[in-house]
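Asks: Below is the structure I would like to discuss, written out as C-alpha cells.
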C-alpha cells in the first residue's frame, strides 16, 4: 500500500519537474518525472528509484541537474523523509 | 538469503531457484521489492547493477522513457543530464535489434560514447550485457542493462552461457512495466485522495486559482495533477474527466 510522503512540481526550463516520494510495502520509492519540450516535440522521462537508506536519495537528488532550481522543495522533501523515518519505524 | 545459498547448490537446483524467482516477478506490486528480487536473481551471475528502461517513441513528436533503477542512481542522473540516451550505442542496438549483446561487443564511434562508457564503468557497469525486450509493433521497447564491476574477461563468458535467463528476466520486467502502465489507466486504483479532491472541486466549479488558495498548492502542481488525472482517465480535458468520474460514481464523498 502506498503512503504519500511528499510531492511537488517545479517549472524546469521548457518543461516541468514533478517528484513524488512515497512509502510502499516497508520501503521507499522516489519518482522523478520530467516533462520537457513543447507540443509537437515532447519528452517524458520518469525515473523510479526504490531505496531504503536516505543517503541514497540524498545523493540522487544532489546529482539532479535541476537541484539548484528546486533546492528548497528538495530539502523539504528530505525533511519529510526524515520525519517519516523517525515516526514510521 | 536465497542467492547466498545458490553458490553451494547444484547447478540444476540453482537454476530452479532462479526460475522460481523469475516466476515471482509478475506477482510483485512494489517497485522496491521488485528491485530487491532482481538483484537476488542477477547476483549469482556476478552482476550487481541493473537499469530497466521502458521506452516509446511516437513518431518524432513525443518520446517517453521510464527507468527502473537498480544501480547507483547517480549514474542515471549523469546519463540523462548529458542526453546520452540520444546516442547511447546500447540503446541504438536495442531499438533496431532484438538480440542480446555483451558490453565488449559494442563499438563506440564518438568521444561522447567513449565518455559515456567510461562513466558507466565508474558506476558499476564496467562490463555487462544489454537485453532488449520487444513487444511488437507500436509497443514500448524494453531494455535491460546488466552491469558488473568485474572486467569483461572475468564475467562475459558466464553471462553468455546464461543468456536465456537474462532474456527471460528482461521479458518478465517488460511485462511487469506493461502491467503497471495498464493499471494506471484503471482509474479507481490510481486516483488518489488529492486527485479526487481536485476532481470534486472542479465539479463544484472552483477555478485553479481558487483551488491553489484553498489548499496552498502551487499552480504548477495543480496543473500537473489535472493533466495526469486526464491521462489516468484517458480523456482529453477536465470536462470529460468530471463527466467520466461521475459516470463511474467515483466522486461520491
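Protein chains in written order, with my numbering: chain S, 3 to 91; chain V, 44 to 296. Where is the CB? At the ideal position from N, CA and C, for every residue including glycine.
#1: Would residue 234 (chain V) be called buried (16 or more neighbouring beta carbons within 10 Å of its own) or exposed?
#2: For residue 281 (chain V), tell me which candidate among V:141, V:243, V:257 and V:217 has the shortest Cα-Cα distance.
#3: Measuring CB to CB, does residue 189 (chain V) end up less than 9 Å from residue 52 (chain S)?
#4: Applying the 10 Å Cβ sphere with the 16-neighbour rule, what's the burial state of residue 35 (chain V)?
#5: Whose Cβ in chain S lies nearer than 7 Å to the Cβ of residue 105 (chain V)?
#6: Count the other C-beta atoms from every protein chain shown that fall within 10 angstroms of the C-beta of residue 8 (chain S), then say buried if there are 16 or more, exposed otherwise.
#7: Taking one C-beta from the segment 14-25 of chain S and one from the segment 64-84 of chain S each time, how about it: are there three or more such pairs within less than 8 Å?
#8: Between the Cα of residue 99 (chain V) and the Cα atoms of S:56, S:62, S:45 and S:57, which residue gives the shortest distance?
#9: So which of S:54, S:57 and S:34 has the shortest CA-CA distance to residue 66 (chain S)?
#10: At a cut-off of 8 Å, is residue 61 (chain S) close to the ligand COA when judged by its beta-carbon and the heavy atoms of the ligand?
#11: For residue 257 (chain V), collect the residues of the same chain with a Cβ closer than 6 Å to its Cβ; drop the 5 residues on either side in sequence, then sort them by chain order.
#12: Please classify residue 288 (chain V) as buried or exposed, where buried requires at least 16 neighbouring CB atoms within 10 angstroms.
#13: Per DSSP, what kind of secondary structure is residue 8 (chain S) in: helix, strand or coil?
#14: Pull up the distance between the alpha-carbon of residue 107 (chain V) and that of residue 147 (chain V), whole angstroms please.
#15: Tell me which residues share the same chain as residue 67 (chain V) and place their Cβ nearer than 7 Å to its Cβ, disregarding the 5 neighbours each side in the sequence.
#16: Roughly how many angstroms lie between the CA atoms of residue 62 (chain V) and residue 56 (chain V), to the nearest whole one?
#17: Among V:145, V:183 and V:238, which has the Cα closest to the Cα of residue 222 (chain V)?
Replies: In brief:
#1: buried
#2: V:243
#3: no
#4: In this structure chain V extends from 44 to 296, so residue 35 (chain V) is not present and cannot be described.
#5: 44
#6: buried
#7: Yes: the two stretches touch, three or more of their Cβ pairs being nearer than 8 Å.
#8: S:45
#9: S:34
#10: Inclusion of the ligand COA in the displayed structure is not the case, the ligand content being empty and no account of it being possible.
#11: none
#12: Buried.
#13: strand
#14: CA-CA distance, residue 107 (chain V) to residue 147 (chain V), rounds to 28 Å.
#15: 80
#16: 10 Å
#17: V:183
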